[in-house]
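Let me begin by presenting the structure, written as structure tokens, before commenting on it.
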Amino acid sequence: MPRNSVRYDEDFYGWTVEQSRLLRSGELSTIDAANIAEEIESMGRSDRRELKSRLVVLVMHLLKWRHQPGGRSRSCSATIDEQRLQIEGILGESPSLRPAVAAMLAEAHSIARARAIAETGLADEAFPEACPVTAGQALSRAFLPDR
Numbered sequence: 014m015p016r017n018s019v020r021y022d023e024d025f026y027g028w029t030v031e032q033s034r035l036l037r038s039g040e041l042s043t044i045d046a047a048n049i050a051e052e053i054e055s056m057g058r059s060d061r062r063e064l065k066s067r068l069v070v071l072v073m074h075l076l077k078w079r080h081q082p083g084g085r086s087r088s089c090s091a092t093i094d095e096q097r098l099q100i101e102g103i104l105g106e107s108p109s110l111r112p113a114v115a116a117m118l119a120e121a122h123s124i125a126r127a128r129a130i131a132e133t134g135l136a137d138e139a140f141p142e143a144c145p146v147t148a149g150q151a152l153s154r155a156f157l158p159d160r
């Protein structure tokens, strides 16, 4: 990278503008390849984190829906719908994440279960230790769990 270029660790925005210009103009010998690669990897991790976060919220609300039938509300079903829509958006933009959903669902369930226990005040035993829904069920807009 040329000496007069904007440094990654001193001005991130300036660095991104410069790197974009260099890439678009084909000046590949002057790009900051190592930091560009790091940023691209970071973007992928960000999609994965967002997907998992949304799965946690979705599963928590599915658990609450199933185990608190008296507490079912439009707000809860709206949250379930919103998480499904956002997840589909993520998977639409990053379809290579789709095969990871089943494994991520199992991870998300343990977090969602702990949150559901804390929010509902129900005993730990009320919620299954293994995720009670499949990835297909979790993502299906037609699915709501019954007892």
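So the number in our numbering is just where the residue sits in the sequence shown, counting from 1, plus 13. Cβ coordinates follow ideal geometry from the N, Cα and C atoms, glycine included.
Helix, strand or coil at residue i [DSSP, three-state]
i	result
Phe-25	helix
Cys-89	helix
Ile-44	coil
Ala-155	coil
Gly-39	coil
Ala-143	coil
Leu-75	helix
Gln-150	helix
Val-70	helix
Ser-12	Beyond the ends of the chain as shown, which are 14 and 160, falls residue 12; an answer cannot be given.
Ala-136	coil
Met-14	Low confidence applies to Met-14: its pLDDT is 46, below 50, so where it sits in the model is not reliable, and the reading given next is rough at best. Coil.
Val-19	coil
Gln-81	coil
Ser-55	helix
Ser-107	coil
Presumed contact (8 Å Cβ cut-off) between residue i and residue j, rounded CB distance
i	j	result
Ser-107	Asp-60	5 Å
Trp-78	Leu-157	6 Å
Glu-63	Ile-103	6 Å
Beta-carbon proximity list for residue i, same chain, < 7 Å, skipping 5 on both sides
i	result
Asn-48	Tyr-21
Gln-150	Phe-156
Leu-35	Thr-43, Ile-44
His-122	Val-72, Cys-144
Ala-119	Cys-144
Ser-18	Glu-31
Arg-85	Trp-78
Other residues of its chain near residue i: CB distance less than 6 Å, five sequence neighbours each side excluded
i	result
Asp-159	none
Ala-131	none
Ile-100	Arg-67
Short CB-CB distance (under 8 Å) between residue i and chain C
i	result
Leu-104	You won't find chain C in this structure, because it holds only one protein chain.
Residues near residue i in its chain [Cβ-Cβ closer than 8 Å; skip 5 each side]
i	result
Arg-128	Val-69, Met-73
For this session: Would you check if there are 3 or more beta carbon pairs closer than 8 Å linking the region 101 to 116 to the region 32 to 42?
Result: no
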